[in-house]
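Okay, so here's the structure we're looking at.
2 protein chains.
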Amino acid sequence: MRPEPAAPASTALLTDHYELTMVQAALRSGAASRRCVFETFARRLPRGRRYGVLAGTGRVLDAIEHFRFGDAEIALLRDGKVVDDETLDFLAGYRFDGDIRGYAEGEAWFPGSPVLVVESDFAHGVLLETVILSVLNHDSAIASAASRMTGAAGTRPCIEMGSRRTHEEAAVAAARAAWIAGFAATSNLEAGRRWGVPTAGTAAHSFTLLHDDEREAFTAQVEAMGAGTTLLVDTYDVERAVEIAVEVAGTGLGAVRLDSGDLLDQAQEVREQLDSLGATSTRIVVTSDLDEFAIAGLAAGPVDAYGVGTQLVTGSGAPTAGMVYKLVARSDDSGRMVDVAKASKDKASVGGRKFALRRRDARGVAEAEVIGVGEPPLDDGDDRTLLVDYVRAGELVGGEHVALAAARERHETSLAELPRSAHQLSQGDPAIPTRYV
Amino acid sequence: MRPEPAAPASTALLTDHYELTMVQAALRSGAASRRCVFETFARRLPRGRRYGVLAGTGRVLDAIEHFRFGDAEIALLRDGKVVDDETLDFLAGYRFDGDIRGYAEGEAWFPGSPVLVVESDFAHGVLLETVILSVLNHDSAIASAASRMTGAAGTRPCIEMGSRRTHEEAAVAAARAAWIAGFAATSNLEAGRRWGVPTAGTAAHSFTLLHDDEREAFTAQVEAMGAGTTLLVDTYDVERAVEIAVEVAGTGLGAVRLDSGDLLDQAQEVREQLDSLGATSTRIVVTSDLDEFAIAGLAAGPVDAYGVGTQLVTGSGAPTAGMVYKLVARSDDSGRMVDVAKASKDKASVGGRKFALRRRDARGVAEAEVIGVGEPPLDDGDDRTLLVDYVRAGELVGGEHVALAAARERHETSLAELPRSAHQLSQGDPAIPTRYV
Numbered sequence: 001m002r003p004e005p006a007a008p009a010s011t012a013l014l015t016d017h018y019e020l021t022m023v024q025a026a027l028r029s030g031a032a033s034r035r036c037v038f039e040t041f042a043r044r045l046p047r048g049r050r051y052g053v054l055a056g057t058g059r060v061l062d063a064i065e066h067f068r069f070g071d072a073e074i075a076l077l078r079d080g081k082v083v084d085d086e087t088l089d090f091l092a093g094y095r096f097d098g099d100i101r102g103y104a105e106g107e108a109w110f111p112g113s114p115v116l117v118v119e120s121d122f123a124h125g126v127l128l129e130t131v132i133l134s135v136l137n138h139d140s141a142i143a144s145a146a147s148r149m150t151g152a153a154g155t156r157p158c159i160e161m162g163s164r165r166t167h168e169e170a171a172v173a174a175a176r177a178a179w180i181a182g183f184a185a186t187s188n189l190e191a192g193r194r195w196g197v198p199t200a201g202t203a204a205h206s207f208t209l210l211h212d213d214e215r216e217a218f219t220a221q222v223e224a225m226g227a228g229t230t231l232l233v234d235t236y237d238v239e240r241a242v243e244i245a246v247e248v249a250g251t252g253l254g255a256v257r258l259d260s261g262d263l264l265d266q267a268q269e270v271r272e273q274l275d276s277l278g279a280t281s282t283r284i285v286v287t288s289d290l291d292e293f294a295i296a297g298l299a300a301g302p303v304d305a306y307g308v309g310t311q312l313v314t315g316s317g318a319p320t321a322g323m324v325y326k327l328v329a330r331s332d333d334s335g336r337m338v339d340v341a342k343a344s345k346d347k348a349s350v351g352g353r354k355f356a357l358r359r360r361d362a363r364g365v366a367e368a369e370v371i372g373v374g375e376p377p378l379d380d381g382d383d384r385t386l387l388v389d390y391v392r393a394g395e396l397v398g399g400e401h402v403a404l405a406a407a408r409e410r411h412e413t414s415l416a417e418l419p420r421s422a423h424q425l426s427q428g429d430p431a432i433p434t435r436y437v
Numbered sequence: 001m002r003p004e005p006a007a008p009a010s011t012a013l014l015t016d017h018y019e020l021t022m023v024q025a026a027l028r029s030g031a032a033s034r035r036c037v038f039e040t041f042a043r044r045l046p047r048g049r050r051y052g053v054l055a056g057t058g059r060v061l062d063a064i065e066h067f068r069f070g071d072a073e074i075a076l077l078r079d080g081k082v083v084d085d086e087t088l089d090f091l092a093g094y095r096f097d098g099d100i101r102g103y104a105e106g107e108a109w110f111p112g113s114p115v116l117v118v119e120s121d122f123a124h125g126v127l128l129e130t131v132i133l134s135v136l137n138h139d140s141a142i143a144s145a146a147s148r149m150t151g152a153a154g155t156r157p158c159i160e161m162g163s164r165r166t167h168e169e170a171a172v173a174a175a176r177a178a179w180i181a182g183f184a185a186t187s188n189l190e191a192g193r194r195w196g197v198p199t200a201g202t203a204a205h206s207f208t209l210l211h212d213d214e215r216e217a218f219t220a221q222v223e224a225m226g227a228g229t230t231l232l233v234d235t236y237d238v239e240r241a242v243e244i245a246v247e248v249a250g251t252g253l254g255a256v257r258l259d260s261g262d263l264l265d266q267a268q269e270v271r272e273q274l275d276s277l278g279a280t281s282t283r284i285v286v287t288s289d290l291d292e293f294a295i296a297g298l299a300a301g302p303v304d305a306y307g308v309g310t311q312l313v314t315g316s317g318a319p320t321a322g323m324v325y326k327l328v329a330r331s332d333d334s335g336r337m338v339d340v341a342k343a344s345k346d347k348a349s350v351g352g353r354k355f356a357l358r359r360r361d362a363r364g365v366a367e368a369e370v371i372g373v374g375e376p377p378l379d380d381g382d383d384r385t386l387l388v389d390y391v392r393a394g395e396l397v398g399g400e401h402v403a404l405a406a407a408r409e410r411h412e413t414s415l416a417e418l419p420r421s422a423h424q425l426s427q428g429d430p431a432i433p434t435r436y437v
């Protein structure tokens, strides 16, 4: 077969063409060295959502570390006449040397929350726009959907199995984001390797169809994997399959999986059948295009775990988080910082460097996202400051805020302090208002 | 900064856990060596769509070539106790040795179209399920949306600029898929490097805000990029900006970009203003959350090019193509091939190896997707056979069908033979029916 175009060791070309031409023009005008504050935020939540969940910050920091223009990248840009030689010289020496602050990964966010703030000269900061937004928009969309699913599932585990429904690398990132938002495992082996997410799996219909009959297939699976395995029981007739499954595996059968039909009805029937056969501890796993609403609808059923695929990896109707990366302040010729904002119709932005805290009442329940423009808002005693330092002068200083276990815990504690309305699946306004002060 | 978990040289772990455990069970039962036919198809088109466009086949073949379990992969699977030693031995020697046929990349598809058919023993074929579906579901979703956009745009060019709204690697694949479906360029530099897609870009609002005023910003850009550049004119006041733009660049200004407000009204006003200033050849580029409907709505306006972001990379409401990978035939103990199909409620499949042709009338207009079960359907003289050979006994034999230029041309010719109803944006049935014979 033909050779694959090699994957880039550098992340520098995962970038929009115009970031480089803007650097060229700014180098020419001298503005490239102006000190700039770029803020990443979403103007709104996806329609009807009560909160968002931040994911991807750890991947962003990795991408920035690998954002270098090596010989191969420079040659491409030269051959393609993307930018001039002066700009190529600048790019060849590029290494991000500014500061990055942001919300801790796993944190809830609301319209306007400055989830990632980059401060550097213009040239160093503008180049990172595309890759920062790619990562945060994708990963946060998945985590935001995942959070609603684990919320709807309550104490029952959710298993991520959407790899086949999204780009093969997006799948790995999706498994990571879902883990942050409380999923119990993923089907994706690379997510296990790269991020340490626990992996799990059952069996496909093809395995049953491969064998001469269901009994032979179940026997093969139980002999290979042990009675604790999960048998898929809807290839032909569910009732007959459950009967065979318990005959083959015994009452110690780990679980059965239902992947079609009316899951609530079937779970009820299968539970009764399993119990009548003495397999009272055999669990029922359901799959089949589940989303947060279907999961909530199954709450009354005897379901032990949810396998979620398509709707998880496509953000359950909101496949991108709508984050933008905007210049909000920059220095002038005298070195003084000046707030800036565009006045575009329907897309105006709020100029000035932002600070953020979550206002909480005396019982610790969140009341508002308070965003201070130009200076930090006053903590009234029960509040929580939201911006942490990630990078100072190009050096990572806040790695602990993106450790995956910490992000998963942050998600849980951040969600726990939101008002109860945050957890409603019905369409509504953000769970707390955003207030600029 | 901390080291990034290295990207895999192998694609073998971009795979669901259960593919490997099924191999283990099938090796144990002996069924792993049964000859199998796996078919990739979609049960239906996304709601209201008239046709789908196949993209990703070239990337699938690359992924299969790199689907090897090296020492690192084996160590991970051993440490994680994913499968037993016998299975690890099998995996260590894995190299796909079967046959692959499918539709040419860029081809239109319909419900049931067997777009990729894998024939091999069970173990060799089942392992490829996840990565095949990841690539085809993603890339075909993007190409299908892109095709409606280029159709709506007619002869006006569409520029892909959605990288920031999707996973950073999905962005590269999206640019490739959009190119197949007729987009003229992408903003994504890595898509330029990896796939040779032309790259293009304008400037962001941050560039204008960086400078003390619009005139300074435009001057910097024109000095650096030449008068042929595209100036963004909606940061403050459009009318004033257009005036400044022509003053700075002269009547030879390449283009202006509008990114907010009522694009149809504004394009009209800007066109009149440009003409009155003598900049009659200056083009108008519009962006701002365009989809195929917005593009169609701008057909009457003096718009010269469309920049499309979010809606392109999220499949314009259909972010995944809904393709599945199903076992449809396998050998029995005597070596005879047996058709197989699951009977699951609401997800039954059609057993048997499929062949496909596009039935065309005497004028060459497509009339039906004819799928022969078990044997090829009869060509009535004007028809077109759809399956081409890609891989025989593990060796690539059909690389020409996935060359990117050929895929782009295939998209154009395939679309041209569909009935006119295919190009309607209103919700409707597939443009041609699928007939099993």
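So the protein sequences, as listed, match chains A and P. Start counting the first sequence at 1; every next residue gets the next number (my numbering). Start counting the second sequence at 1; every next residue gets the next number (my numbering). Using N, Cα and C, we set each Cβ at its ideal position, and we do this for glycine too.
Original post:
Terminal residues of the continuous beta strand (DSSP E) containing Phe-355/A?
Top reply: Taking the first residue of the first sequence as position 1, residue 355/A is located at position 355. That run of the beta strand (DSSP E) goes 354-360.
Original post:
Listing by chain order, which chain A residues have their CB less than 8 Å from the CB of Leu-209/P?
Top reply: Residue 209/P sits at position 209 when you count from the first residue of the second sequence. Those within 8 Å of Leu-209/P in chain A are Leu-327, Arg-330, Val-340, Ala-341, Lys-342.
Subject >> Cβ-Cβ distance between Ala-42/P and Ala-321/P below 8 Å >> reply: Locating residue 42/P in the second sequence gives position 42, counting from the first residue. Locating residue 321/P in the second sequence gives position 321, counting from the first residue. A contact, by the Cβ cut-off of 8 Å.
Original post:
Which whole runs of the beta strand (DSSP E) in the region 369-398 of chain A are 3 residues long or more, in chain order?
Top reply: Within the region 369-398 of chain A, the beta strand (DSSP E) runs of at least 3 residues that lie entirely inside it are, in chain order, 388-392.
**OP:** Assign Asp-291/P to buried or exposed, taking buried as 16 or more other Cβ atoms, counted over all protein chains shown, within 10 Å of its Cβ.
**Re:** Within the second sequence, numbered from 1, the residue matching residue 291/P stands at position 291. Sixteen is the threshold: when 16 or more other Cβ atoms of the shown chains lie within 10 Å of the Cβ of Asp-291/P, as they do, the residue is buried.
Original post:
Should Leu-209/P and Leu-327/A be called a contact, given that it needs their Cβ atoms to be closer than 8 Å?
Top reply: Along the second sequence, one-based indexing puts residue 209/P at 209. Along the first sequence, one-based indexing puts residue 327/A at 327. Contact flag set, yes.
Subject >> Same chain, Cβ closer than 7 Å to Glu-86/A, neighbours up to 5 away in sequence not counted >> reply: The count along the first sequence starts at 1 and reaches residue 86/A at position 86. So the list reads Leu-27, once near-sequence residues are dropped.
Subject >> Near-chain A residues of the region 166-182 of chain P - C-beta to any C-beta below 9 Å >> reply: Thr-166, His-167, Glu-168, Glu-169, Ala-170, Ala-171, Val-172, Ala-173, Ala-174
Original post:
According to DSSP, is Met-161/P helix, strand or coil?
Top reply: Your numbering for residue 161/P matches position 161 in the second sequence. Met-161/P falls in the coil class under three-state DSSP.
Subject >> Outcome for Leu-386/P when other beta-carbon atoms lying within 10 angstroms are tallied against a minimum of 16 >> reply: The residue labelled residue 386/P in the question sits at position 386 within the second sequence. Result: buried.
Original post:
Could you check where the beta strand (DSSP E) with Tyr-18/A kicks off and where it finishes?
Top reply: Taking the first residue of the first sequence as position 1, residue 18/A is located at position 18. It is not in any beta strand (DSSP E) - Tyr-18/A instead sits in the alpha helix (DSSP H) that spans 17-29.
Original post:
When you compare each of Arg-165/A, Asp-121/A, Gly-125/A to Asp-139/P by their alpha carbons, which one comes out closest?
Top reply: On the second sequence, position 139 is the one that residue 139/P refers to. Of Arg-165/A, Asp-121/A, Gly-125/A, the residue nearest in Cα terms is Arg-165/A.
Original post:
Using DSSP with H/G/I as helix, E/B as strand and the rest coil, what is Ile-432/A?
Top reply: Your numbering for residue 432/A matches position 432 in the first sequence. Residue state, collapsed to three classes: coil.
Original post:
Among residues of its own chain, excluding the 5 on either side of Ile-295/P, which ones have a beta-carbon nearer than 6 Å to its beta-carbon?
Top reply: Taking the second sequence and counting its residues from 1, one reaches residue 295/P at position 295. Cβ within range, chain order: Met-149, Ala-152, Ala-153, Tyr-306.
Original post:
Since Leu-76/A meets chain P, which of its residues come closer than 8 Å, beta carbon to beta carbon?
Top reply: In the first sequence, counting from the first residue as 1, residue 76/A sits at position 76. Those within 8 Å of Leu-76/A in chain P are Leu-189, Gly-192, Arg-193.
**OP:** Grab me the residues of Arg-363/A's own chain with a C-beta within less than 7 Å of its C-beta, minus the 5 sequence neighbours each way, in chain order.
**Re:** In the first sequence, the residue the question calls residue 363/A occupies position 363. Excluding five sequence positions before and after Arg-363/A, none of the CB atoms of its chain fall closer than 7 Å to its own CB.
Original post:
Arg-28/A versus chain P: which residues are under 7 Å apart at the beta carbon?
Top reply: Within the first sequence, the letter at position 28 stands for residue 28/A. Within 7 Å Cβ-Cβ: Ala-220, Glu-223, Ala-224.
**OP:** Please determine, among Gly-351/A, Leu-378/A, Gly-352/A, the residue with the shortest C-alpha to C-alpha distance to Arg-360/A.
**Re:** The count along the first sequence starts at 1 and reaches residue 360/A at position 360. If we check each option's Cα against that of Arg-360/A, Leu-378/A comes out closest.
Subject >> Whole-angstrom distance between Leu-77/P and His-205/P, CA atom to CA atom >> reply: For the purposes of this step, residue 205/P is identified with residue 205 of the second sequence, where counting begins at 1. For the purposes of this step, residue 77/P is identified with residue 77 of the second sequence, where counting begins at 1. The straight-line gap separating the alpha-carbon atoms of His-205/P and Leu-77/P is approximately 49 Å.
**OP:** Measure the beta-carbon distance from Val-439/A to Leu-253/A and round it to whole angstroms, keeping in mind my assumption that it falls under 8 Å.
**Re:** Residue 439/A lies beyond the range of chain A shown here (1 to 437); nothing can be said about it.
**OP:** Quickly, what does DSSP pair Met-337/A with across the bridge? List them, please.
**Re:** For the purposes of this step, residue 337/A is taken as the residue at position 337 of the first sequence. In DSSP, Met-337/A forms a bridge with Ser-331/A.
Subject >> Opening and closing residue of the beta strand (DSSP E) in which Gly-48/A lies >> reply: Numbered from its first residue, the first sequence carries residue 48/A at position 48. Boundaries cannot be given for Gly-48/A, as no beta strand (DSSP E) includes it and DSSP labels it neither H nor E.
**OP:** Determine the chain B residues that contact Met-161/A at a beta-carbon separation under 8 Å, and present them in chain order.
**Re:** Here the protein chains are A and P, and chain B is not one of them.
Subject >> Coil, strand or helix - Ser-144/P by DSSP >> reply: Your numbering for residue 144/P matches position 144 in the second sequence. If DSSP states are grouped into helix, strand and coil, Ser-144/P belongs with the helices.
Original post:
Could you give the residue range of the beta strand (DSSP E) that holds Ala-42/A?
Top reply: By 1-based counting over the first sequence, the position of residue 42/A is 42. Element bounds for Ala-42/A: 35-42.
Subject >> Among Glu-395/A, Ala-356/A, Ala-407/A, Arg-176/A, the one whose alpha carbon lies nearest that of Asp-383/A >> reply: Along the first sequence, one-based indexing puts residue 383/A at 383. Shortest Cα-Cα distance from Asp-383/A to any of Glu-395/A, Ala-356/A, Ala-407/A, Arg-176/A involves Ala-356/A.
Original post:
In chain P, which residues lie with their C-beta within 9 Å of the C-beta of Lys-347/A?
Top reply: Start at 1 with the first residue of the first sequence, and residue 347/A comes out as number 347. Per Cβ cutoff of 9 Å: His-205, Asp-234, Asp-259, Ser-260, Gly-261, Ser-288.
Original post:
Is it right to say Gly-58/A is buried, meaning 16 or more other beta carbons lie within 10 angstroms of its own, or is it exposed?
Top reply: The residue you call residue 58/A lines up with position 58 of the first sequence. Answer is buried; the Cβ neighbour count reaches 16.
Subject >> Coil, strand or helix - Asp-237/A by DSSP >> reply: As a working mapping, residue 237/A is identified with position 237 in the first sequence. Note: Asp-237/A maps to coil in three-state DSSP.
**OP:** Mind listing the chain P neighbours of Leu-13/A? Cutoff is C-beta to C-beta under 7 Å, in chain order.
**Re:** Here residue 13/A refers to the residue found at position 13 when the first sequence is read from its first residue. Near Leu-13/A (Cβ distances below 7 Å), the residues of chain P are Leu-189, Glu-190, Arg-193.
Original post:
By the criterion of Cβ-Cβ separation under 9 Å, what are the contact partners of Arg-358/A in chain P?
Top reply: Working through the first sequence from its first residue, we reach residue 358/A at position 358. Correct list: empty, because the minimum Cβ distance to chain P is about 27 Å.
**OP:** Count the other C-beta atoms from every protein chain shown that fall within 10 angstroms of the C-beta of Gly-439/A, then say buried if there are 16 or more, exposed otherwise.
**Re:** Given a span of 1 to 437 for chain A in the structure shown, any question on residue 439/A remains unanswerable.
Original post:
With C-beta atoms as the reference, is Val-242/P less than 8 Å away from Leu-263/P?
Top reply: Your numbering for residue 242/P matches position 242 in the second sequence. Your numbering for residue 263/P matches position 263 in the second sequence. No, Cβ-Cβ distance for Val-242/P and Leu-263/P is not below 8 Å.
**OP:** Put Val-350/P into one of helix, strand or coil per three-state DSSP.
**Re:** Within the second sequence, numbered from 1, the residue matching residue 350/P stands at position 350. Of the three classes helix, strand and coil, the one that applies to Val-350/P here is coil, per DSSP.
Subject >> Close-in-space but distant-in-sequence residues of the same chain around Gly-394/P (CB under 6 Å, 5 per side omitted) >> reply: One-based indexing of the second sequence puts residue 394/P at position 394. Excluding residues within five positions, the ones whose Cβ falls inside 6 Å are Phe-96, Asp-97.
**OP:** State the CB to CB distance for the pair Val-365/A and Pro-419/A, rounded to an integer number of angstroms; the pair is presumed to be in contact (CB under 8 Å).
**Re:** Taking the first sequence and counting its residues from 1, the one referred to as residue 365/A is at position 365. Taking the first sequence and counting its residues from 1, the one referred to as residue 419/A is at position 419. Right, their Cβ atoms sit about 6 Å apart.
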